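Asks: Letter 247 of the sequence shown, counting from 1, is numbered 247 in the UniProt record's numbering, and no numbers are missing.
Below is one structure. I have some questions about it.
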Amino acid sequence: MEHPEFMQIRRAVRRSLATLRATDTGDPLALVGLSGGADSLALAAAVAAEAGKAGVRAGALVVDHGLQTGSDRVAEAAAAQARELGLAPVVVRRVEVASAGGPEAAAREARYAAFSAVATEVGAAAVLTAHTRDDQAEQVLLALARGSGTRSIAGIPGRRPLAAGVELVRPLLGDDPEISRATTEAACAELGLSPWHDPHNRDTSYARVRVRETVLPTLADELGPGAVAGLARSADLAREDADALDDWAGRVVDVLLLPAGADRLSCKLQQTQGTGDDPDGSAAQRWRIDAEGVAVLGGLPAAVRQRAIHRLARERFGVTLTREHTLRIAALVTHWAGQGPVFVPGIRVTRAGGELTFEPQRGSPRGAHSRQAAR
Numbered sequence: 001m002e003h004p005e006f007m008q009i010r011r012a013v014r015r016s017l018a019t020l021r022a023t024d025t026g027d028p029l030a031l032v033g034l035s036g037g038a039d040s041l042a043l044a045a046a047v048a049a050e051a052g053k054a055g056v057r058a059g060a061l062v063v064d065h066g067l068q069t070g071s072d073r074v075a076e077a078a079a080a081q082a083r084e085l086g087l088a089p090v091v092v093r094r095v096e097v098a099s100a101g102g103p104e105a106a107a108r109e110a111r112y113a114a115f116s117a118v119a120t121e122v123g124a125a126a127v128l129t130a131h132t133r134d135d136q137a138e139q140v141l142l143a144l145a146r147g148s149g150t151r152s153i154a155g156i157p158g159r160r161p162l163a164a165g166v167e168l169v170r171p172l173l174g175d176d177p178e179i180s181r182a183t184t185e186a187a188c189a190e191l192g193l194s195p196w197h198d199p200h201n202r203d204t205s206y207a208r209v210r211v212r213e214t215v216l217p218t219l220a221d222e223l224g225p226g227a228v229a230g231l232a233r234s235a236d237l238a239r240e241d242a243d244a245l246d247d248w249a250g251r252v253v254d255v256l257l258l259p260a261g262a263d264r265l266s267c268k269l270q271q272t273q274g275t276g277d278d279p280d281g282s283a284a285q286r287w288r289i290d291a292e293g294v295a296v297l298g299g300l301p302a303a304v305r306q307r308a309i310h311r312l313a314r315e316r317f318g319v320t321l322t323r324e325h326t327l328r329i330a331a332l333v334t335h336w337a338g339q340g341p342v343f344v345p346g347i348r349v350t351r352a353g354g355e356l357t358f359e360p361q362r363g364s365p366r367g368a369h370s371r372q373a374a375r
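Listed below in structure tokens is the structure:
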């Protein structure tokens, strides 16, 4: 019997397993993150069918969030299906979902913590999850509604580090073949598998469910059936742009971090020397961009300049800045009119003599500004 939809999923899985095998010269173990829903069940079946040919061992990990009555029975049923498919080991892990914050975010944090812990315990090289192109389209719409940047609009990454030596892989996110939720449901029907239907996926108190149940169907009705696929392709394009811009900004920062006199761009970030008037040692963490470097920053495209500032703050001060913060710092470069220091969380940035100085900011910015003026 032919299984055309299932074969599309196998094709997507085959590519991911081949990549995993190529990067692991041993006998890699991949765990499927299995909820029992159509997406993860179809993925589990495809991994079971392809793993041996790819030279990969395949198991499953079922996370019981404990958020619904009978969740333990649902988890055990999913584990039983994994064993029937031939996956081993099959691990069921109960987690505690924090009450603080949104329930979706808390459940996701608990789930990925379990992925990381179990993968490390059993020596897995990867955890595979079943996000599809529909999930990608939902992510793009949610990012657009928040006014997020290119990186957020790029959506869910196809793979990323999960823990030391463990990668999180999403085989069904690629554009060739394009795997939708309809594909996974059809594949389960072809194979005679009975997926679990999570009632939370129908709860319209969640923004993602409203996007899935109302917004995307309306877009498809009004703009045509290709609208959802178009959103997922937008994520692909945005990711390419974001990767390129991040790489450019990273190379700029690498040059900024060169010692004076290095034979590359003249934009140099140099650690200033401590002085006697530095009881807390903060001078050892002060960094400056010289006048030539400020000129280089001013000539960069805004997207690269903002990314470079954001990266500098994260790497040198452990601070994650918002767009508002990076723009305020960038104004010292692009709209210099003799203004005083810029204070952002954890950092004070000052321009003087054509140079920018970055240093830690502790306590009240008002007090820090007064002390600086008194020097």
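The beta-carbon is built from N, C-alpha and C at its ideal position, and this holds for glycine as well.
Predicted model only: the values in this text are computed from it and were never measured.
1. Hey, how far is the Cα of Val-169 from the Cα of Ala-98?
2. How would you call Val-252, buried or exposed, if buried means at least 16 neighbouring beta carbons within 10 angstroms?
3. Whole angstroms is fine: what's the gap from Ile-309's alpha carbon to Ile-329's?
4. Taking the beta carbon of Arg-10 as the centre, do at least 16 other beta carbons fall within 10 Å, making it buried, or is it exposed?
5. Looking only at DSSP bridge pairs, what is Gly-33 linked to?
6. For Gly-158, which residues in the same chain have their Cβ closer than 7 Å to its Cβ, ignoring the five residues on either side in sequence?
7. Just the C-alpha distance for Val-47 and Asp-203, rounded to the nearest angstrom, thanks.
8. By Cβ distance below 7 Å, which residues in the same chain neighbour Gln-361 in space, the five residues on each side in sequence not counted?
9. Let me check one thing: in DSSP terms, what residues is Leu-168 bridge-paired to?
10. Provide the residue span of the alpha helix (DSSP H) that contains Glu-121, from first to last.
11. Consult DSSP for Ile-153 and reduce its assignment to one of helix, strand or coil.
12. Quick check on Arg-328: does DSSP put it in helix, strand or coil?
13. In terms of residues, what are the limits of the beta strand (DSSP E) holding Thr-350?
14. Based on Cα-Cα distance, which residue from Ala-242, Arg-233, Val-304 and His-200 lies nearest to Gln-68?
15. Exposed or buried, Arg-316, counting other C-beta atoms within 10 Å across all chains shown (16 or more means buried)?
16. Buried or exposed: which applies to Ala-105, given that a residue is buried once 16 or more other Cβ atoms fall within 10 Å of its Cβ?
17. Under DSSP, the alpha helix (DSSP H) around Leu-20 begins and ends at which residues?
18. Where does the unbroken alpha helix (DSSP H) through Glu-315 begin, and where does it stop?
19. On a Cα-Cα basis, can you pick out the residue from Glu-178, Leu-61 and Val-294 that is closest to Gln-136?
20. Which same chain residues, not among the five before or five after Arg-314, have their C-beta less than 7 Å away from its C-beta?
21. Based on Cα-Cα distance, which residue from Glu-50, Leu-85, Asp-27 and Leu-231 lies nearest to Arg-14?
22. Identify whether Pro-195 lies in helix, strand or coil by the three-state DSSP scheme.
23. Please report the distance separating the alpha-carbon of Val-90 from that of Leu-61.
24. Figure out for me which residue from Arg-233, Ser-205, Ala-295 and Ala-303 has the closest Cα to the Cα of Gly-250.
25. By the 10 Å Cβ neighbour count, where 16 or more other Cβ atoms means buried, how is residue 436 classified, buried or exposed?
26. If we ignore side chains and look at the alpha-carbon of each, how far apart do Asp-277 and Leu-356 end up?
27. Could you tell me which of Ala-88, Ala-18, Gly-70 and Gly-192 sits nearest to Phe-6, measuring between CA atoms?
28. Using C-beta distances below 7 Å, list every residue in its chain close to Ala-220, excluding the 5 sequence neighbours before and after it, in chain order.
29. When DSSP builds the beta bridges, which residues end up paired with Val-90?
30. I'd like the list of long-range same chain contacts for Ala-77, defined as Cβ closer than 8 Å, with 5 residues on each side in sequence excluded.
31. For Ser-266, which residues from the same chain have a beta carbon less than 6 Å from its beta carbon, with the 5 sequence-adjacent residues on both sides left out?
32. Mapping DSSP to helix, strand and coil, what is Trp-336?
33. Could you give the DSSP three-state label for Asp-263: helix, strand or coil?
34. What does Pro-360 pair with, by DSSP beta-bridge criteria?
35. For Tyr-112, which of Leu-128, Gly-123, Gly-102 and Gly-101 has the nearest alpha-carbon?
36. Determine, using beta carbons only, whether Leu-29 and Val-56 come nearer to each other than 9 Å.
Replies: Well, looking at it:
1. Going from the Cα of Val-169 to the Cα of Ala-98 covers about 25 Å.
2. So Val-252 counts as buried.
3. The straight-line gap from Cα to Cα measures roughly 8 Å.
4. Arg-10 should be labelled buried.
5. In the DSSP output, where bridge partners are listed per residue, Gly-33 has Leu-61.
6. Excluding residues up to 5 positions away in sequence, Arg-170, Leu-173 and Gly-174 lie with their Cβ nearer than 7 Å to the Cβ of Gly-158 in the same chain.
7. If you draw a straight line from the Cα of Val-47 to the Cα of Asp-203, it comes to about 30 Å.
8. Excluding positions up to five away in sequence, the list reads Phe-343, Gly-346, Ile-347, Arg-348 and Ala-368.
9. Beta-bridge partners assigned by DSSP to Leu-168: Val-127 and Arg-160.
10. Going by DSSP, Glu-121 is part of the alpha helix (DSSP H) stretching over 103–122.
11. Ile-153: helix per DSSP, three-state reduction.
12. In the structure shown, Arg-328 sits in a helix (DSSP, three-state: H, G or I).
13. Its beta strand (DSSP E) spans residues 347–352.
14. Among Ala-242, Arg-233, Val-304 and His-200, the Cα nearest to that of Gln-68 belongs to His-200.
15. By the neighbour-count rule (16 or more Cβ atoms within 10 Å), Arg-316 is buried.
16. Burial call: exposed.
17. Where Leu-20 is concerned, the enclosing alpha helix (DSSP H) stretches over 4–23.
18. Start and end: 302–317.
19. Of the candidates Glu-178, Leu-61 and Val-294, the residue whose Cα lies closest to the Cα of Gln-136 is Glu-178.
20. In the same chain as Arg-314, and ignoring 5 residues on each side of it, the C-beta atoms closer than 7 Å to its own belong to Thr-320, in chain order.
21. Of Glu-50, Leu-85, Asp-27 and Leu-231, the residue nearest in Cα terms is Glu-50.
22. Annotated three-state conformation of Pro-195 is coil, per DSSP.
23. Spanning the two alpha carbons is a distance of roughly 6 Å.
24. In terms of CA proximity to Gly-250, Ala-303 leads the group Arg-233, Ser-205, Ala-295 and Ala-303.
25. For residue 436 there is no data in the structure shown, the boundaries of the chain being 1 and 375.
26. Residue placement at Asp-277 is poorly supported in this model, since its pLDDT is 46, which falls under 50; the coordinates still yield a value, given next. Cα to Cα, the separation comes out at about 20 Å.
27. Among Ala-88, Ala-18, Gly-70 and Gly-192, the Cα nearest to that of Phe-6 belongs to Gly-192.
28. Same-chain partners within the cutoff: Ala-227 and Val-228.
29. BP columns for Val-90 point to Ala-60.
30. Here Ala-77 has Gly-36 and Trp-196 as same chain residues with Cβ atoms under 8 Å from its own Cβ, once five neighbours each way along the sequence are excluded.
31. With a pLDDT of only 42 at Ser-266, under 50, the local geometry of the prediction cannot be trusted, and the value read off the model is given with reservation. Sequence-distant partners of Ser-266 (beyond 5 residues in either direction) whose C-beta falls short of 6 Å from its own C-beta, in its chain, are Glu-292.
32. Three-state DSSP puts Trp-336 in coil, outside helix and strand.
33. Confidence in Asp-263 is poor, its pLDDT being 43 and thus under 50, which makes the residue's placement too unreliable to answer from.
34. Paired residues: Ile-347.
35. For Tyr-112, the nearest C-alpha among the options comes from Leu-128.
36. With contacts defined by Cβ atoms closer than 9 Å, Leu-29 and Val-56 form a contacting pair.
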